[in-house]
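What follows is one structure encoded as structure tokens, with my remarks underneath.
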Amino acid sequence: DNESLHMGIKLYLDTTIASEEVYNSICNTFNCLMERKGHKFEPIPTLYQVKEHIKELTGVYSIFHDMCIKSCIAYTSPFSSLKDCLKCQE
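Pasting the structure below:
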């Protein structure tokens, strides 16, 4: 049971609409406070570490595809080598 990891996951879920910078700032503040108070603790993991752990726990991974800036098409399979959209030429 890793309390720091659980706290990191909770922070991640609580800050899903915030930036990565906000998550890291909260963690850094907490970690610094615990260190200054002389508490023995395991630092809250970075956002990257939390996301990787969630992937391992759930088996859910992000899939990224390049898209037309206007969302006309996704640059996958037959369109993967295109540089410009066939529909809007963007």
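Each residue of the sequence shown is one higher than the one before, counting from 1 in the UniProt record's numbering. Just so it is clear, CB atoms sit at the ideal spot from N, CA and C, and this is done for glycine as well. Just so it is clear, the structure is predicted and the values come from calculations on it, not from any experiment.
Option nearest M34 by Cα separation, candidates T16, S80, Y48 and S4: S4
Span separating the alpha-carbon of F30 from that of D66: Their Cα atoms are separated by approximately 37 Å.
Considering only the beta carbon of each residue, do I9 and V60 sit closer than 7 Å? no
Supposed close pair N24, L47 - CB separation, criterion 8 Å: That belief holds up - the Cβ atoms of N24 and L47 are roughly 6 Å apart, short of 8 Å.
Since E56 and N2 should fall inside the 8 Å C-beta cutoff, what is the C-beta to C-beta distance between them, to a whole number of angstroms? Contact flag wrong, Cβ pair sits at about 13 Å.
Grab the span of the alpha helix (DSSP H) containing L33 for me, first residue to last. E20 to R36
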